[in-house]
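S.K.: Quick one: this structure, given as structure tokens, is what I'll be asking you about.
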Amino acid sequence: MKKYRPSLLEHEKQELKSLSKLNFSNYKETDVREEFLRPLVRILGYKKESQYSVSTEDGYKLHPFFLSVGRTRVELDYLCSIRKQYFWLIEAKPGKCKNPNNPPEIKAKEIEQAYFYSLHHEVNCPYFIVSNGWFTNLYSRDEIDAEGTPVLSIPHHEIADRFMELDGYVGATQILPFLKEKILQQIRKTLSAEIVVDRLSEFHDEVEKALASVKPKVRENLRPIVDQKPHIHQSLVDMIRDPEIKLFQIVSQLFDGPAPRYYLKQVSEEVSSRIMSDEVERAPSRSALFFSQLLLTDKTYSVSHNFYFNVLYFLLYLRGRGINAIYAFGKGRDPLDFDEALKGYLDLTLFHLKPNEVQRVLWLVERETEGFVKLFITLHKDSRDSIITNVELKKYFLEEINLVFNSGSGHAKVELVEKIMSHAMSSFYQKYTSKDGREFRVNLAKQELKSLRQRNKSAIESNKALYHQVNKELGDSWQTFEWGIIQDECADSLGRGICAVLNEFPDHCKELLTQDHKDRLRHLASLGNYSFAEELCTKLDLSWKKNLTDKERTEGLKALFEI
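Numbering (our numbering), first residue to last: 12 to 574.
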């Protein structure tokens, strides 16, 4: 249940060093709170109105039974929460003293006050901190002894060196795993006093009920995270913006792989911004090197099916930025009208790469190999164990927002398949490419493709029942829609991806699509396997056949994958 805590950033380290050098001799309670505790809480990962929130100077009304304490309300300096659940509070105290070499320690009365606050029924915090700047003490409300011994006490001059100790208890990434461990310890202690084994089962059943009852709340916690837009890693942004790195050098890295929409949108924004602002990138030679790889105009490239619709998304996004001319090898020396280039790319991708025989063969090989790899991974125990290990590591290392979007066995399966497929396709491409790299022996490749298709069909058919049984036993977390290729020989990831992208840019489609493109969309929609094609046809006021027989539909789909 442990969670990885990212290393401190350099500016955070410097801020902690500055805090460790403060002189609190003349600090009032407010000064300690604002000058010392506020930055400390921020580095711990809490900020106002976030998932890991901190509220300041909140007041809570006291029950009449407590009027003897001489007040009707309690005022808290800092109250820290995770998704509106309170877990710890901070009580600031003045640091005033005559001799900074002999600073005041935390007094018993100050501990009692914070302890009293933590007991309030609306607060109910299991941990509290009392700090006068000179000392920052952490206490466990339920385990504190008569002497008021802290769980952790850090003198201010040690705060930079010992910050991670404090973070290990109450840091935003650490407190939930820490508290769950404490709960388990308490459960073990309580249950060890039992004498009837059946009562352990009874308790287990109650725990199951409790877990079931909080699942709706967990899903509710998830919604704000899902609504957030995760960001591509800053290192990728820096790479795209780096003038020393040429865009044509990183085409494959940017576009060849599974890519969620947030990634595509942000990468498209960064790359298009550089193209629009960088005269060097728009120069004929540099532009040709970049766009030739995207449009596949000059040579054969071993790319995955993801590449085609990822590039289409980028090209349509770039069109929205107003670009009107590019250069590309194989298209002459003059500037190429961008819309004409886009139409040519749609000729290629909407028609399942038929205009480019080599790229089509490579796609079909990928498709056949992918089906077998997915079958093998699901049925092979060592592969499943590797995926489970990967998922567990992600739970430890990934930030919450990326954990939501990139966790689970289904996602880990896709990652493993991509790694295997990348190696397999690279080997296949090299096998049939001449030594000088100028010729791809397409007829020999077709022969192997036919043999591969027959072997895979036999393997999948003979193992399909076992595959379904194992998949069912592995549970929902193991599923992913990309696995459909095992269950349906007519599954078409390429066509679905192209139609999905076009469906997001209907206005561009109205201006770009030729009659051939529209007829192709009608055909795909009529096959009943492309909901995005149907949606786009509706947006473009295109009609399509809706009464194909099962035989006609199956024959039409199989024709898409003819060798």
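The beta carbon of each residue, even a glycine, is placed where N, CA and C say it ideally should be.
1) Along the alpha helix (DSSP H) that carries Ala352, what are the first and last residues, could you check?
2) I need the straight-line Cα distance from Val134 to Ser18, nearest angstrom please.
3) Thinking C-beta only, is Ile509 closer than 8 Å to Leu222?
4) Can you pull the DSSP bridge partners for Glu154?
5) Leaving out the 5 sequence neighbours to the left and right, which residues in its chain are closer than 6 Å to Pro366 when beta-carbon positions are compared?
6) Under the rule that 16 or more other beta-carbon atoms within 10 Å means buried, what is Asn467, buried or exposed?
7) Counting pairs of beta carbons, one from the region 516-534 and one from the region 326-344, are three or more of them closer than 8 Å?
8) Would you report the Cα separation of Ser445 and Glu459, rounded to the nearest angstrom?
9) For Asn335, does the count of other Cβ atoms within 10 angstroms reach 16, so buried, or fall short, so exposed?
10) Excluding five sequence neighbours on each side, which residues of the same chain lie with their C-beta closer than 6 Å to the C-beta of Ser36?
11) What is the DSSP secondary structure of Thr549, counted as helix, strand or coil?
12) Let me make sure I understand the geometry here. Which of Leu20, Pro105, Ile93 and Gly56 has the alpha-carbon closest to that of Glu45?
13) Nearest chain D C-beta to Ser473 closer than 8 Å, yes or no?
14) Report all residues from its chain with a CB closer than 7 Å to the CB of Leu211; omit the five preceding and five following residues, and keep chain order.
15) In the region 254-328, which residue ranges form an unbroken alpha helix (DSSP H) of at least 4 residues, counting only runs that do not cross its ends?
16) Pull up the distance between the alpha-carbon of Asn321 and that of Leu347, whole angstroms please.
17) For Gln197, count neighbouring C-beta atoms within 10 Å of its own C-beta (all shown protein chains included) and say buried if the count is 16 or more, exposed if not.
18) So the beta strand (DSSP E) Gln185 belongs to, where does it begin and stop?
19) In terms of residue numbering, what span does the beta strand (DSSP E) encompassing Ala103 cover?
20) Can you look up Lys134 in the DSSP assignment and give me helix, strand or coil?
21) Name the one or two DSSP bridge partners that Thr380 has.
22) Exposed or buried, Ser438, counting other C-beta atoms within 10 Å across all chains shown (16 or more means buried)?
23) Could you spell out where the alpha helix (DSSP H) holding Ser537 opens and where it closes?
24) Which residues does DSSP pair with Ala171 in a beta bridge?
25) Rounded to whole angstroms, what's the CA-CA distance from Leu523 to Ala544? Just pull it up for me.
26) Assuming Phe362 contacts Phe325 (C-beta within less than 8 Å), just tell me the rounded distance between them.
27) So what's Val162 in DSSP terms, helix, strand or just coil?
28) Sort Ser469, Leu463 and Asp172 by Cα distance to Leu373 and report the nearest one.
29) Can you give me the C-alpha to C-alpha distance between Arg297 and Ser554, rounded to a whole angstrom?
30) Measuring only the C-alpha atoms, how far is Lys392 from Arg378?
31) For Ala299, which residues of its own chain have a beta-carbon under 7 Å away from its beta-carbon, when the five flanking residues on both sides are left out?
32) Between the C-alpha atoms of Met436 and Val376, what's the straight-line distance to the nearest angstrom?
33) Helix, strand or coil for Ser554, going by three-state DSSP, please let me know.
34) Going straight from the alpha carbon of Val65 to that of Glu154, what length do you get?
35) Of the residues Thr565, Leu386 and Gln526, which one's Cα is nearest the Cα of Leu477?
36) Tell me, please, which residues DSSP counts as bridged to Phe139.
M.R.: On the basis of the supplied data:
1) Phe349 to Leu361
2) 31 Å
3) no
4) Paired residues: none, contrary to the question.
5) Asp358 and Leu359
6) buried
7) yes
8) 17 Å
9) exposed
10) Cys108 and Pro111
11) helix
12) Pro105
13) Protein chain content of the structure displayed is limited to a single chain, and chain D is not contained in it.
14) Leu202 and Glu205
15) 262-266, 272-288, 290-293 and 295-306
16) 21 Å
17) exposed
18) Element bounds for Gln185: n/a, residue is neither H nor E.
19) Gln96 to Ala103
20) According to the sequence as given, residue 134 is Val; it is not Lys. Correct three-state label for Val134: coil.
21) Partner(s): none; Thr380 has no beta bridge.
22) exposed
23) Gln526 to Ser537
24) According to DSSP, which records beta bridges pairwise, Ala171 is partnered with nothing at all.
25) 16 Å
26) 20 Å between Cβ atoms; not a contact.
27) coil
28) Leu463
29) 42 Å
30) 23 Å
31) Tyr338, Ala339 and Phe340
32) 8 Å
33) coil
34) 24 Å
35) Leu386
36) Leu100 and Tyr150
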